[in-house]
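Enquirer: Mind having a look at this structure? Questions to follow.
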């Protein structure tokens, strides 16, 4: 993970002043680094009877879709409000600097399915907590929440179910 950590770029004052953004786009430009992320998650979840990967818009798509492909299971997107064309459920939640709404199709998951929620970064945990709520509205089970990066000093893990958070790199 040192190689991946070295590729992550700090961008000060983005998206607002005082935030140090962790930019994974240099990691995405490096096929070996991206492949290492996918391979690490695949090894972690191999044999865990996972039925689907749920990716949070938008960087969760970048990690989640190739992971689902590698695991040979479906990929399900969670999108920002107004982006999905079919029947959907939604959850409103608070961000560090505002409010947001996310949605998922009503037929995206089946009752009882075991899923992993994937995103690039865990900060305060608000978006992931809202994503868990969406998954549970469809009576599916969140087995794990997987992140490339965790900002441990923001304690987002504390807002999520105990023992269900995996992150490859923690700051």
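Residue numbers (our numbering): 938 to 1108. Virtual Cβ for every residue (Gly too), placed ideally from N, Cα, C.
What would DSSP say about residue 938, mapped onto helix, strand or coil?
Expert: Note: residue 938 maps to coil in three-state DSSP.
Enquirer: Start and end of the beta strand (DSSP E) containing residue 1012?
Expert: Residues 1012 to 1017.
Enquirer: Nearest by alpha-carbon distance to residue 1039: which of 1028, 1100, 1000 is it?
Expert: Measuring from the Cα of residue 1039, the nearest candidate turns out to be 1028.
Enquirer: Tell me whether residue 965 sits in a helix, a strand or coil according to DSSP, three-state version.
Expert: Reduced to three states, the DSSP call for residue 965 is helix.
Enquirer: By DSSP's criteria, residue 1092 is part of a beta bridge. Which residues make up the other side?
Expert: Beta-bridge pairing links residue 1092 to no other residue.
Enquirer: In the DSSP assignment, find the alpha helix (DSSP H) that holds residue 1145 and state where it starts and stops.
Expert: Any answer about residue 1145 is impossible in this case: the structure gives the chain only from 938 up to 1108.
Enquirer: Would you identify the three-state DSSP class for residue 982, choosing helix, strand or coil?
Expert: If DSSP states are grouped into helix, strand and coil, residue 982 belongs with the helices.
Enquirer: Tell me whether the segment 1080 to 1092 and the segment 958 to 965 touch, counting them as touching only if at least three CB pairs, one residue from each stretch, are closer than 8 Å.
Expert: As far as the Cβ criterion goes, the segment 1080 to 1092 touches the segment 958 to 965, which means the pair count is three or higher.
Enquirer: Could you tell me if residue 938 is buried or exposed, where buried requires 16 or more neighbouring beta carbons within 10 angstroms of its beta carbon?
Expert: Classification for residue 938: exposed.
Enquirer: If we ignore side chains and look at the alpha-carbon of each, how far apart do residue 991 and residue 966 end up?
Expert: Near 23 Å, if we compare the C-alpha coordinates of residue 966 and residue 991.
Enquirer: For residue 1070, I'd like the list of residues in its chain whose CB is within less than 6 Å of its CB, leaving aside the five on either flank, ordered along the chain.
Expert: Excluding sequence neighbours, residue 1070 sits near 1028.
Enquirer: Can the beta-carbon of residue 1066 be found less than 8 Å from the beta-carbon of residue 1097?
Expert: Yes. Within cutoff.
Enquirer: Kindly indicate which three-state DSSP category residue 1025 falls into: helix, strand or coil?
Expert: In the structure shown, residue 1025 sits in a strand (DSSP, three-state: E or B).
Enquirer: Under a three-way DSSP split, which group does residue 1007 fall into?
Expert: In this structure, residue 1007 counts as helix in the three-state DSSP scheme.
Enquirer: Apart from the five residues just before and just after residue 951, which ones in its own chain have a Cβ nearer than 7 Å to its Cβ?
Expert: These residues qualify, in order along the chain: 958.
Enquirer: Output yes or no for whether 8 Å exceeds the beta carbon distance between residue 1015 and residue 1048.
Expert: For residue 1015 and residue 1048, no; Cβs fall outside 8 Å.
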